[in-house]
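Heads up, the sequence shown is in the working numbering, so the first residue is 295 and it goes up one at a time.
Virtual Cβ for every residue (Gly too), placed ideally from N, Cα, C.
If you're wondering where the values come from, they're calculated on a predicted model, not measured in any experiment.
Structure first, commentary second.
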Amino acid sequence: MVASAEVEVAEAVSNMIYISTYSSPIGDILLASNNNKLIGLWFKNQKYYMNSIKEEVEEKNDEETLMKAKKWLDRYFKGEKPSIKELPLNPDGTEFRKKVWQILCEIPYGSTITYKEIALKLAKEKGLKSLSAQAVGGAVGHNPISIIIPCHRVVGSNGKLTGYAGGLDKKEYLLKLEQS
């Protein structure tokens, strides 16, 4: 009887979402983890803020995954080029969104890509003639792990800065940081 109660408690704990705030040069960022994987990184009050979180959350500033993410962000904002692969990520989304986010992870530091280029790449992979750049834009906009999954590196067809859930001022800052 005791053993099964311990298992239930262990399972309940593993479903807990841990959060912590990171103070960046461009505003406070909320980080979220579950099962030792980063599941969220949002600027405070951005569009779709904590949109993928349905579970109960607990602030835990010393949680290992969140601490790793903060160190990654420290290095990033110092102009270093930390690898996405250094962090265990588990963004929640549809298969289409996850595929778009995977492409975002392949954009080199300091580079940009257009929504249309992503759409063409996905269409080619699926054997389609075309795919909607607007659908790609929706997936990019719903990226729950901003900065680390670099949605700020996606620009309009003319190279113009368009759409960023955290705000265009933040997108511009991040792109300039990566150019220096």
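With 16 other Cβ atoms within 10 Å as the buried cut-off, status of residue i
| i | result |
| --- | --- |
| residue 388 | exposed |
| residue 327 | buried |
| residue 440 | buried |
| residue 447 | buried |
| residue 470 | exposed |
| residue 444 | buried |
| residue 334 | buried |
| residue 398 | buried |
| residue 357 | buried |
| residue 464 | buried |
| residue 324 | buried |
N-terminal and C-terminal residue of the beta strand (DSSP E) that residue i is part of
| i | result |
| --- | --- |
| residue 353 | 351-353 |
| residue 331 | 331-337 |
| residue 321 | 321-328 |
| residue 315 | 311-318 |
Endpoints, the alpha helix (DSSP H) within which residue i is located
| i | result |
| --- | --- |
| residue 470 | 462-473 |
| residue 368 | 358-371 |
| residue 450 | No alpha helix (DSSP H) contains residue 450, which DSSP labels as neither H nor E. |
| residue 476 | There is no way to answer for residue 476, as the model of the chain reaches only from 295 to 474. |
| residue 409 | 409-420 |
| residue 435 | 427-435 |
8 Å CB neighbourhood of residue i in its chain, flanking five on each side removed
| i | result |
| --- | --- |
| residue 331 | 359, 382, 383 and 384 |
| residue 406 | 447, 448, 449, 453 and 469 |
| residue 376 | 366, 369 and 370 |
| residue 322 | 315, 316, 337 and 338 |
| residue 429 | 390 and 413 |
Cβ neighbours of residue i in the same chain (closer than 7 Å, five flanking residues each side left out)
| i | result |
| --- | --- |
| residue 353 | 313 and 314 |
| residue 472 | 403 and 404 |
| residue 373 | 471 and 474 |
| residue 318 | 367 and 371 |
| residue 401 | 407, 444 and 447 |
Distance cut-off 8 Å: residue i Cβ against heavy atoms of the ligand SAM
| i | result |
| --- | --- |
| residue 364 | With respect to the ligand SAM, the structure offers nothing, as it holds no ligand at all. |
Close Cβ partners of residue i (< 6 Å) along its chain, the five nearest in sequence each way excluded
| i | result |
| --- | --- |
| residue 451 | 408 and 410 |
| residue 416 | 425 |
| residue 351 | 311 and 313 |
| residue 438 | 334, 346 and 385 |
| residue 459 | 340, 341, 342 and 435 |
* Asked: Should the segment 391-410 be regarded as contacting the segment 426-441, the criterion being three or more beta carbon pairs within less than 8 Å?
  -> Yes, the segment 391-410 is in contact with the segment 426-441.
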